[in-house]
Amino acid sequence: MKFRFSKPDDIPAIVDLLRNSLGEGLIPKSESLWTWKHLANPFGPSPVLIAESDHQIIGVRAFMRWKFVENGKEIHAVRAVDTAVSPLHQGKGLFKSLTLNLLDELKSEGLDLVFNSPNKQSTPGYLKMGWEKYGKLPIHIKLQFPSSHPVAERSDWEAIQSQLNFLESTAPQEGRSTLWQPGYFNWRFRDCPIFKYHFVTDFKDQLLIYRIKSHAWGKEFRICDWIDSTISSPEQKVNFLNRVKEEIQKSGAALTTLSGLSTTYSKGLGFLPSLKLGPLLTLKKVNESFTGLHENWKWSLGDLELF
Numbered sequence: 420m421k422f423r424f425s426k427p428d429d430i431p432a433i434v435d436l437l438r439n440s441l442g443e444g445l446i447p448k449s450e451s452l453w454t455w456k457h458l459a460n461p462f463g464p465s466p467v468l469i470a471e472s473d474h475q476i477i478g479v480r481a482f483m484r485w486k487f488v489e490n491g492k493e494i495h496a497v498r499a500v501d502t503a504v505s506p507l508h509q510g511k512g513l514f515k516s517l518t519l520n521l522l523d524e525l526k527s528e529g530l531d532l533v534f535n536s537p538n539k540q541s542t543p544g545y546l547k548m549g550w551e552k553y554g555k556l557p558i559h560i561k562l563q564f565p566s567s568h569p570v571a572e573r574s575d576w577e578a579i580q581s582q583l584n585f586l587e588s589t590a591p592q593e594g595r596s597t598l599w600q601p602g603y604f605n606w607r608f609r610d611c612p613i614f615k616y617h618f619v620t621d622f623k624d625q626l627l628i629y630r631i632k633s634h635a636w637g638k639e640f641r642i643c644d645w646i647d648s649t650i651s652s653p654e655q656k657v658n659f660l661n662r663v664k665e666e667i668q669k670s671g672a673a674l675t676t677l678s679g680l681s682t683t684y685s686k687g688l689g690f691l692p693s694l695k696l697g698p699l700l701t702l703k704k705v706n707e708s709f710t711g712l713h714e715n716w717k718w719s720l721g722d723l724e725l726f
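Take 420 as the starting number for the sequence shown in the numbering used here and just add one per residue.
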């Protein structure tokens, strides 16, 4: 058995391994999803380590590159995402070996940290490898009576390209936030192959990105990112808030959700106090000079959705 970095022509075998090991689950595995997620990412292609035996891929570990920014300083991170081991080789420590070997390979790149949102089964394994619990993401929720005549969502992403280009030439306004790398918004939301995202905008300073998630009990209006320029006047903010309320009402959603770390409009929309209902987050510091591992995070739901 040997470890090596993956090549583009490994993708079909990697996707087959994910399917055989994990099943399809809620998010179907596909070559198009893998390509979008790990090759088209504007933060850079994902480092992917594979285990190979008798010329067969029996294990895979992918870290998706991500960048945050705080006070104008970039923070280089990876998100520990896709991993799988062939059912014939499970229980041999391959998950741990692949993860730690890939981490060692990245230390010399100036990586600051690793973050992820593991499930209950994998969390103990990460903690044994030195990950730390941040805790569950707080979520603002708002219940509402859904419209009996919902309007189908449609969003023309081409219409806001100038606004996106402007945003990607500026920095997020608060805390430790995802860096708006050129191409980020189109990659993350417009081009996502598995979810349809929509927006509310004034085409200038304010932009809300959302998606409708269906549940057994009804629809959720999930606010993935809410960008509010500090130069907007109080009147502009109120007008935009009213437009958001209208969008929520016509969507037919019974529940609206927003990251509890984003407090800009939580009161204006009538959200309940935030509750720790979001995904469990774990972190691991890689760069010893990186400080404040648990401090000042402003994660949005769009940052942490599983995809």
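The C-beta atom is built at its ideal place from N, Cα and C for all residues, glycine as well.
Keep in mind it's a predicted model, so treat the numbers as computed, not measured.
With DSSP as the reference, label residue i as helix, strand or coil.
i, result
"Glu666", "helix"
"Ser516", "helix"
"Glu524", "helix"
"Ile642", "strand"
"Gln475", "strand"
"Lys547", "helix"
"Tyr553", "strand"
"Phe726", "coil"
"His495", "strand"
"Phe659", "helix"
"Leu437", "helix"
"Ile446", "coil"
"Phe542", "It should be pointed out that residue 542 corresponds to Thr in this sequence rather than to Phe. Correct three-state label for Thr542: helix."
"Glu489", "strand"
"Ala672", "coil"
"Lys561", "strand"
"Thr701", "strand"
"Leu696", "coil"
"Trp455", "helix"
"Leu677", "strand"
"Asp501", "strand"
"Ile712", "According to the sequence shown, residue 712 is Leu rather than Ile. Leu712 falls in the coil class under three-state DSSP."
"Leu507", "helix"
"Leu688", "coil"
"Leu468", "strand"
"Leu530", "coil"
Could you check the C-alpha separation between residue i and residue j for me, to the nearest Å?
i, j, result
"Glu707", "Asp531", "8 Å"
"Ser566", "Arg662", "16 Å"
"Lys421", "Gly554", "36 Å"
"Arg641", "Lys686", "16 Å"
"Trp550", "Thr701", "6 Å"
"His474", "Phe424", "14 Å"
"Leu677", "Gly711", "24 Å"
"Lys623", "Val705", "38 Å"
"Phe534", "Phe462", "15 Å"
"Thr620", "Leu627", "6 Å"
"Tyr545", "Lys486", "21 Å"
"Ala470", "Lys632", "36 Å"
"Leu725", "Ile446", "9 Å"
"Trp645", "Asn605", "15 Å"
"Gln582", "Trp576", "10 Å"
"Arg630", "Glu572", "9 Å"
"Arg607", "Pro506", "32 Å"
"Asn658", "Lys664", "10 Å"
"Leu694", "Leu680", "11 Å"
"Met483", "Glu450", "16 Å"
"Lys539", "Gln655", "44 Å"
"Gly721", "Lys515", "28 Å"
"Ser472", "His495", "33 Å"
"Thr502", "Ile476", "12 Å"
"Gln668", "His713", "36 Å"
"Gly510", "Phe564", "49 Å"
"Asn584", "Asn439", "41 Å"
"Lys426", "Val497", "19 Å"
"Ala635", "Asp435", "30 Å"
"Ala481", "Asn460", "13 Å"
"Leu660", "Pro543", "42 Å"
"Arg609", "His508", "38 Å"
"Ser465", "Asp523", "15 Å"
Pull up the CB-CB distance for residue i and residue j, whole angstroms please, since I reckon it's below 8 Å.
i, j, result
"Ser651", "Gln625", "6 Å"
"Leu562", "Leu674", "6 Å"
"Leu437", "Pro612", "No, Leu437 and Pro612 are not in contact; Cβ-Cβ is about 15 Å, not under 8 Å."
"Gly478", "Leu517", "5 Å"
"Lys638", "Gly671", "6 Å"
"Ile558", "Leu696", "5 Å"
"Leu441", "Ile560", "Incorrect: roughly 30 Å between the Cβ atoms, too far for contact."
"Leu723", "Ser541", "Rounded, the Cβ-Cβ distance is 16 Å, inconsistent with contact."
"Lys717", "Gly594", "4 Å"
"Val500", "Leu513", "Contact flag wrong, Cβ pair sits at about 17 Å."
"Phe614", "Ile579", "Incorrect: roughly 18 Å between the Cβ atoms, too far for contact."
"Leu468", "Leu521", "4 Å"
Return yes when the C-beta of residue i is under 6 Å from any heavy atom of the ligand NAP, and no when it is not.
i, result
"Gln600", "Absence of the ligand NAP from the depicted structure is noted, as is the absence of any ligand whatsoever, leaving it without description."
_With three or more C-beta pairs closer than 8 Å as the rule, is the stretch 422 to 436 touching the stretch 483 to 494?_
no
*asked:* Quick check for students: name the residue ranges of the beta strand (DSSP E) that lie wholly in the stretch 570 to 650, counting only runs of 3 or more.
replied: 617 to 620, 625 to 634 and 637 to 647
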